[in-house]
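**Student:**
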Amino acid sequence: MRPTIAPILFMFMMLPGNANPQERPLTVVDHEDRYIPMDTDDEYRDPWEAMRDQREYPDREPGLIPIGRLYQPGVKSFFGLPLALTPEDLEAADVDVAIMGAPIDLGFGFRGAGKGPDALRAGITGIDSSTSGNLPHMHVGVAWKRSLVAVDYGNSPIDLLSTERSMPPVRKMVREIAETGTIPVIVGGDHSLEYPNVAAITDVYGKENVSVIHFDAHFDAGGSEFGHMISHGQPIRRLVDDGHISGANYIQVGLRGYWPGEEGFKWMRENNMRYHTMAEIERDGWDVVMDRVMNEALGAGEYLYISFDVDVLDPAYMPGTGTPESGGLTPREVFPLLRTLCSENRMVGFDVVELNPLVDPGYTTVLNTHRLLQECLTGIAMRKEGITERGYHNPLTVEDNRADPQ
Ligand SMILES: [Mn+2]
């Protein structure tokens, strides 16, 4: 190349539309002094070692650690549940469900979603979190805390400064729970978590046996952003491209707005992904589409995992989230669907993500997230009690005592 045309060629390569990653010159980002290396002498550079090293805890018999009596015991846990810290604890107490926090922020790039777990533990919605679940759910007559052994498993170690480096410890912790046969429930944190969560579940149950329902306003299968291959907009692309699960095992519900665009829909179709947009719901009605989703979940893999982005609900109900999108679902639509999915299917995991209490006026989002988690727990409890009939309702509460209630 003659030197005189080099600047022209350079300008041409910088034009938008020539940004295909394969063709882009690598000289800018490859130069060795662009990145500051990590300190390999820091004994706490591994988040797991730094935050969940059990060697510092005193010796004790494996089992549950109670935090006190009902009504503001003074120590906060999810729903006032006892604590467990190790797989041995889960096995000793034959735990059904372990709820863990994953306080990761950086997959979005703004602070707030990382405070989701603590906002739910705090019980600041006006409902005493520690008493929830002790009384029967009015619609179905099952009290999930009476049926299930459930615990707060603490928070996953994460690297507060890196999404990439936070993926392995989350995956390790979810896998550690699932390997004992306990159902992990992961409270985020942003939606980058779907990547380690689903990877861990398919590690344990096998990629062909697990179906995933992704509730979200967005399809979360985007390509690279500033060279990053994981963020809250990319977990599904990574899971499929890295071979953790196939697109055919995925069902998407609630997509709307402007993302995905045509390219994204094309990618989902090429990967045989099933999707149910708000456009389909607008055309066919909620009940019809809900039946399709429930039938697809039943007819799919042996096990079901649900990844729930709170922004699938309308911002009227979930204002406290990073990327709100108008025209979404209502609690009255979502709650019975979650309850049914979790009672009809063999659940192997559930995550709820993108709750950002820092932008949640009146704690509306905390309140509704608190409840939607319990709809899932109620469904799991119903199944344990032998209630798997679709549309089951408690006869005591759906009818009064008139012979002909017209
Ligand atoms: Mn999402």
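Under this note's numbering, the residues of the sequence shown are numbered 578 to 983, in order.
Yeah, the Cβ is synthetic: ideal placement off N, Cα and C, and Gly gets one too.
Just so it is clear, the structure is predicted and the values come from calculations on it, not from any experiment.
Nearest to E976 by alpha carbon, out of V717, F656, I858 and L918?
**Tutor:** When each option's Cα is compared against that of E976, the closest is V717.
**Student:** Exposed or buried, which one is Y880 when buried takes at least 16 other CB atoms within 10 Å?
**Tutor:** The residue in question, Y880, is buried, as its Cβ has 16 or more Cβ neighbours within 10 Å.
**Student:** Any heavy atom of ligand 1 closer than 6 Å to the beta-carbon of D886?
**Tutor:** D886 Cβ: within cutoff of ligand 1.
**Student:** With DSSP run on the structure shown, which of helix, strand or coil describes Y612?
**Tutor:** Looking at Y612 - three-state DSSP - the assignment turns out to be coil, as it is neither helix nor strand.
**Student:** Between D780 and ligand 1, is the CB less than 6 Å from at least one heavy atom?
**Tutor:** No, the beta carbon of D780 sits no closer than 6 Å to any heavy atom of ligand 1.
**Student:** Using 8 Å as the cut-off, can you tell me whether the segment 945-953 makes contact with the segment 776-785, which would need three or more C-beta pairs spanning the two stretches below that distance?
**Tutor:** Cβ pair count under 8 Å is below three, so no.
**Student:** Is L586 helix, strand or coil when you go by DSSP?
**Tutor:** Low local confidence applies: a pLDDT of 41 at L586 is under 50, so the model's placement there is unreliable, and no value is given.
**Student:** For my contact list, V889 and L906 are in at a C-beta cut-off of 8 Å; report their separation, rounded to the angstrom.
**Tutor:** That belief holds up - the Cβ atoms of V889 and L906 are roughly 6 Å apart, short of 8 Å.
**Student:** For H768, is the beta carbon positioned less than 6 Å from some heavy atom of ligand 1?
**Tutor:** Indeed, a heavy atom of ligand 1 lies less than 6 Å from the Cβ.
**Student:** Within the same chain, show all residues whose beta-carbon is closer than 7 Å to that of M744, passing over the 5 residues directly before and after it, in chain order.
**Tutor:** Here the set comprises Y772, P773 and I807.
**Student:** Please state the DSSP three-state secondary structure of I858.
**Tutor:** If DSSP states are grouped into helix, strand and coil, I858 belongs with the helices.
**Student:** Please classify V865: is it buried, with 16 or more other beta-carbons within 10 angstroms of its beta-carbon, or exposed?
**Tutor:** The residue is exposed, with fewer than 16 neighbouring Cβ atoms inside 10 Å.
**Student:** Curious, which full-length alpha helix (DSSP H) runs of at least 4 residues does the segment 656-685 contain?
**Tutor:** 664-669, all fully within the segment 656-685.
**Student:** Please report the straight-line C-alpha distance between I735 and T946, rounded to a whole angstrom.
**Tutor:** For I735 and T946, the distance between alpha carbons rounds to 23 Å.
**Student:** Around the Cβ of S709, are there at least 16 other Cβ atoms within 10 angstroms (buried) or fewer (exposed)?
**Tutor:** The residue in question, S709, is buried, as its Cβ has 16 or more Cβ neighbours within 10 Å.
**Student:** Sort out for me which residues DSSP pairs M924 with in a bridge.
**Tutor:** Answer by DSSP bridge pairing, in chain order: L881.
**Student:** R869 and S920: beta carbons closer than 7 Å?
**Tutor:** No; because the gap between Cβ atoms is not below 7 Å, this pair is not in contact.
**Student:** Y969 to N711, Cα distance in whole Å?
**Tutor:** If I take the Cα positions, the gap works out to 20 Å.
**Student:** Can you give the beta carbon distance from V764 to P664, rounded, assuming they're within the 8 Å contact cut?
**Tutor:** Not quite, the Cβ-Cβ distance comes to about 19 Å (not below 8 Å), so this is no contact.
**Student:** What residue range does the beta strand (DSSP E) around S724 cover?
**Tutor:** Careful: S724 lies outside any beta strand (DSSP E), inside the alpha helix (DSSP H) at W721 to S724.
**Student:** For the alpha helix (DSSP H) that contains W849, what are its first and last residues?
**Tutor:** Here residue 849 turns out to be Asn, not Trp, going by the sequence shown. Run containing N849: none; DSSP gives neither H nor E here.
**Student:** Taking 6 Å as the cut-off, is the C-beta of D891 nearer than that to any heavy atom in ligand 1?
**Tutor:** Answer for D891: no, Cβ out of range of ligand 1.
**Student:** Taking the straight line between their C-alpha atoms, what separation do you get for G640 and E802?
**Tutor:** Each residue's Cα considered, the two are about 44 Å apart.
**Student:** Please state if the CB of A794 and the CB of R833 are separated by a distance shorter than 7 Å.
**Tutor:** Yes, they are a contact pair.
**Student:** Classify P934: buried if its beta carbon has 16 or more other beta carbons within 10 angstroms, exposed otherwise.
**Tutor:** Looking at its Cβ environment, which holds 16 or more other Cβ atoms inside 10 Å, P934 is buried.
**Student:** Give me, in chain order, the residues of the same chain whose beta-carbon lies closer than 7 Å to that of M591; leave out the 5 immediate sequence neighbours on both sides.
**Tutor:** Residue placement at M591 is poorly supported in this model, since its pLDDT is 40, which falls under 50; the coordinates are not used for a value here.
**Student:** Pairing CB atoms from the segment 818-829 with CB atoms from the segment 908-916, are three or more of them under 8 Å?
**Tutor:** As far as the Cβ criterion goes, the segment 818-829 does not touch the segment 908-916, which means the pair count is below three.
**Student:** Is T917 near H714, with beta carbons less than 7 Å apart?
**Tutor:** Contact: no.
**Student:** Could you have a look at D780 and say whether DSSP puts it in helix, strand or coil?
**Tutor:** Helix at D780.
**Student:** Could you work out which residue in G684, P680, P659 and F685 is closest to V674 when comparing CA atoms only?
**Tutor:** With distances taken between Cα atoms, V674 lies closest to P659.
**Student:** Can you tell which of M855, E966, H805 and A856 has its C-alpha closest to the C-alpha of N872?
**Tutor:** Checking every option, the nearest Cα to that of N872 belongs to E966.
**Student:** Taking a contact to mean a Cβ-Cβ separation below 7 Å, would you say V747 touches V672 in this structure?
**Tutor:** In this structure, V672 does not lie closer than 7 Å to V747 by Cβ.
**Student:** Report buried or exposed for S903, applying the criterion of at least 16 other Cβ atoms within 10 angstroms of its Cβ.
**Tutor:** Result: exposed.
**Student:** With a threshold of 16 other CB atoms inside 10 Å of the CB of F687, please say whether the residue is buried or exposed.
**Tutor:** Exposed, since its Cβ has fewer than 16 Cβ neighbours within 10 Å.
**Student:** Mapping the DSSP letters down to three states, classify G831 as helix, strand or coil.
**Tutor:** The answer is strand: DSSP assigns G831 an E or B state.
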